[in-house]
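Here the numbering used here runs 1 ahead of the position in the sequence shown, where the first position is 1.
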Amino acid sequence: MNTQIKDIGMRLSFMREEVELSVEEMAAKLGVDVDTYCAYERGEMDFSFSFMYNAAEVLGIDVSDLISGNAPTLSMCCMVKKGEGYSVKREDEYDYKHLAYTFRNKKAEPFLVTITPDDAPPVMHGHEGQEFNYVISGKMKLYIGDISYELSKGDSVYFDSSVPHAEVAMGDKEAQFIAVVIK
């Protein structure tokens, strides 16, 4: 498992202890069994974005605190240059770049997401709020609940993100999209 996942697990453990929640209480609040939750804290399992988002909500912190270990400090404006943003590499097929990681008290979490093609079945996750996806390049399929949408460059979708969902690249090329998670 990569060091970034281990670091997030350590921060998760530290912040859980700071708010005085037991492992059992945290696992229950996140809807996972205790063994799975402990594996997350030890950095032995990769996190879905949904898990990190929900954990941050339970802990009363910004998801950036959990991802980067740095509390956002900007309150008026946050500018991110092309190719920058805080990178979060999840699994083999997902690469997230947080585009507002230094802005505090965000009402939305914007990400540039790159998905590489993978033959594995999609893993569905849900999280509080709503989500907007805008395809920048490639083709992708959004699975949401029992339906799916094929999206190409310039297409967008807005949905209730509490409904389990997953995005996958279509064909043999990667897809890139802007995902904005609204709290």
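We put the beta carbon where it would ideally sit given N, CA and C, even for glycine.
In this text the structure is predicted, and so the values were computed from the model without any measurement.
Distance, G32 Cα to E129 Cα: For the purposes of this step, residue 129 is taken as the residue at position 128 of the sequence shown. For the purposes of this step, residue 32 is taken as the residue at position 31 of the sequence shown. Roughly 13 Å separates the two Cα atoms.
For the alpha helix (DSSP H) containing M27, name the first residue and the last one. Within the sequence shown, the letter at position 26 stands for residue 27. Looking at the DSSP string, the run of the alpha helix (DSSP H) that includes M27 is V24 to L31.
Less than 7 Å between C-beta atoms, sequence neighbours within five positions excluded: which residues of the same chain meet that for P123? Sequence index remark: in the sequence shown, residue 123 carries index 122 (1-based). Around P123: Y144, A167 and V169.
Taking all protein chains shown into account, decide if D121 is buried (16 or more other Cβ within 10 angstroms of its Cβ) or exposed. Position 120 of the sequence shown, counting from 1, holds the residue named residue 121. Residue identity differs from the one stated: residue 121 is Ala in this sequence, not Asp. Counting Cβ neighbours within 10 Å, A121 comes out exposed, since fewer than 16 surround it.
Distance between beta carbons of L13 and L67, contact taken as under 8 Å: Counted from its first residue, the sequence shown places residue 67 at position 66. Counted from its first residue, the sequence shown places residue 13 at position 12. Going by Cβ atoms, the distance from L67 to L13 rounds to 6 Å, so yes, they are a contact pair.
From the DSSP secondary-structure annotation, give me the bridge partner or partners of F178. Indexing the sequence shown from 1 puts residue 178 at position 177. F178 is bridged to V114 and V136.
When you compare each of K142, N134 and M16 to E58 by their alpha carbons, which one comes out closest? Within the sequence shown, the letter at position 57 stands for residue 58. Of the candidates K142, N134 and M16, the one whose C-alpha sits nearest the C-alpha of E58 is M16.
For A57, the three-state DSSP class (helix, strand or coil): Position 56 of the sequence shown, counting from 1, holds the residue named residue 57. Correct three-state label for A57: helix.
Please go through the same chain and pick out, in chain order, the residues whose beta-carbon is closer than 7 Å to the beta-carbon of C39, but skip the five residues on each side of it. The sequence position of residue 39 within the sequence shown is 38, counting from 1. For C39, where only same-chain residues beyond five positions count, the Cβ hits under 7 Å are V24.
DSSP puts L152 in a beta bridge; with which residues? The residue labelled residue 152 in the question sits at position 151 within the sequence shown. Per DSSP, M141.
Does DSSP classify Y102 as helix, strand or coil? In the sequence shown, counting from the first residue as 1, residue 102 sits at position 101. Residue state, collapsed to three classes: coil.
Rounded to whole angstroms, what is the Cα-Cα separation between Y150 and V158? What you label residue 150 is simply residue 149 of the sequence shown in a count that begins at 1. What you label residue 158 is simply residue 157 of the sequence shown in a count that begins at 1. So the two alpha carbons sit approximately 9 Å from each other.
Is S69 helix, strand or coil when you go by DSSP? Position 68 of the sequence shown, counted from the first residue, corresponds to residue 69. Note: S69 maps to helix in three-state DSSP.
Report buried or exposed for N106, applying the criterion of at least 16 other Cβ atoms within 10 angstroms of its Cβ. Residue mapping note: residue 106 aligns to position 105 of the sequence shown, counting from 1. Classification for N106: exposed.
Please classify S69: is it buried, with 16 or more other beta-carbons within 10 angstroms of its beta-carbon, or exposed? By one-based count along the sequence shown, residue 69 stands at place 68. Looking at its Cβ environment, which holds 16 or more other Cβ atoms inside 10 Å, S69 is buried.
Would the stretch 107 to 117 count as touching the stretch 81 to 97 if we require 3 or more Cβ pairs under 8 Å? yes
Just the Cα atoms here: how many angstroms apart are D47 and Y41? As a first step, residue 47 must be located in the sequence shown, where it is residue number 46. As a first step, residue 41 must be located in the sequence shown, where it is residue number 40. Their backbone Cα atoms lie some 7 Å apart in a straight line.
Cβ neighbour criterion (16 or more within 10 Å) applied to E132: Within the sequence shown, numbered from 1, the residue matching residue 132 stands at position 131. Label assigned to E132: buried.
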